[in-house]
Amino acid sequence: MRKTIAVGLGALIAMYVLGGMSARHEIFPWPQLSALKKMAGAEKAPAPSRYTFDDKERLIGDESKTPVPCPPQTDRTAVLLVLGQSNAANDGGQRHRSNYGARVVNAFGKRCFVAASPLLGSTDTKGEYWTLLGNKLIASGQNDSVIIAPLAYSGSEVARWAAGGDINPVLVDTVKQLQDSGYRITSVLWVQGEKDLVIGTTAEAYQERFLSMVDTLRQHGVEAPVYISIASKCLEPSNGGFKEHIPDNAIVRAQMALSKSGHGIREGANSDALLDGDDRYDDCHIGGSGAEKVSQAWLSLLRGDRLETSR
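Residue numbers (this note's numbering): 1421 to 1731.
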């Protein structure tokens, strides 16, 4: 018995020494085993997915989408350019789809698709409330068709949208694609600010960078009002946020000042004040009840804008 144990231990020690020497000096069997491991890893294909993303993780393809001819724009068409971070992107807790077929569409890449969560053009693959807003705009009788053109990046700070930021050229390209498709943007909806509160952006810097983005829009022919949401609340470290929210903060002050600054900038939905704890499924992102609230708030704002314009 002792002899068997001794032989076994000797074999293990010999294998250990041989393995170490083989790896150190690249002699048999280490290179062969290493090559086999790499081949096995290379042959493992990624799991199939219906989604396609670009290099910034923006959703640019979805096999479930229904392509349709882009509706012609009339004076009863809303063309909404949706910008911002996760609460403007596909991070909602409830998915929605058009109740009116091709009358509510997701415009992307000079093509149109029946609007349905998640929307092409923004990051992530969960829900969103812009399709719900489109349904409400038609149900209210305000519009006959709604074109939703989203460009929202989860976790993006305002500096990335300003001139010189990496998203700014994508913004210009999105505007150009809409224009090439025969669309004139009627409203720009901005939902962003949570990231800037966390990283400590000052009110002055936020205003300067936001105005730079607005200047980019104006320079490229967008004359539509730009609605800036009051949005700074995203709680819990799991979301990159704080434990508690201080309502009177630098970002909110900047957003309020911008909404009164002229330049065609108006106050958008105030999600900080509008949503309570039950409306955010993870203390940050908007759930089903929250989607109902913010979409209704946007409906009221856009309805007011239309009434004011018609006078």
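Don't be surprised by glycine CBs; every beta carbon is placed ideally from N, CA and C.
If you compare alpha carbons, which of GLU1687, ASN1507, GLU1664 is closest to ALA1674? Considering only alpha carbons, the answer is GLU1687.
What runs of the alpha helix (DSSP H), each 4 residues or longer, lie entirely inside the segment 1620-1693? Listed in chain order, they are 1623-1639, 1670-1679.
Do the segment 1712-1719 and the segment 1545-1555 meet, that is, are 3 or more Cβ pairs less than 8 Å apart? Contact annotation: the segment 1712-1719 touches the segment 1545-1555, with at least three C-beta pairs closer than 8 Å.
At what residues does the alpha helix (DSSP H) containing LEU1557 begin and finish? For LEU1557, the enclosing alpha helix (DSSP H) stretches over residues 1550-1559.
Drop a sphere of 10 angstroms on the beta-carbon of THR1594, count the other beta-carbons inside from all chains shown, and report buried for 16 or more, exposed for fewer. Buried is the call here.
CA-to-CA distance, CYS1532 to GLN1597, given in whole angstroms: Going from the Cα of GLN1597 to the Cα of CYS1532 covers about 12 Å.
Would you list the residues sitting across from PRO1570 in a DSSP beta bridge? BP columns for PRO1570 point to VAL1502.
Three-state secondary structure (DSSP) of ARG1523: DSSP places ARG1523 in helix when its eight states are reduced to three.
Alpha-carbon to alpha-carbon, SER1607 and LYS1530: If you take the alpha carbons of LYS1530 and SER1607, they lie about 18 Å apart.
DSSP beta-bridge partners for ARG1478? Partner(s): THR1543.
DSSP beta-bridge partners for GLY1512? GLY1512 pairs with GLY1547.
Through-space distance from VAL1672 to VAL1534, alpha-carbon basis: Distance from the CA atom of VAL1534 to the CA atom of VAL1672, rounded to whole angstroms, is 35 Å.
Taking contact to mean at least 3 C-beta pairs separated by less than 8 Å, is the segment 1571-1580 in contact with the segment 1493-1513? Counting Cβ pairs under 8 Å, three or more are found: they touch.
Does the segment 1513-1520 come within contact of the segment 1696-1712, defined as at least 3 CB pairs closer than 8 Å? Yes, they touch.
For PHE1473 and GLU1446, the rounded distance between their alpha carbons: For GLU1446, the predicted model reports a pLDDT of 49, less than 50, meaning its position is unreliable; a value from the coordinates is still stated below. Taking the straight line from one Cα to the other gives about 40 Å.
Measuring CB to CB, does LEU1500 end up less than 8 Å from LEU1609? Yes. Within cutoff.
Between the segment 1577-1594 and the segment 1487-1494, can you find at least three pairs of beta-carbon atoms closer than 8 Å? No, the segment 1487-1494 is not in contact with the segment 1577-1594.
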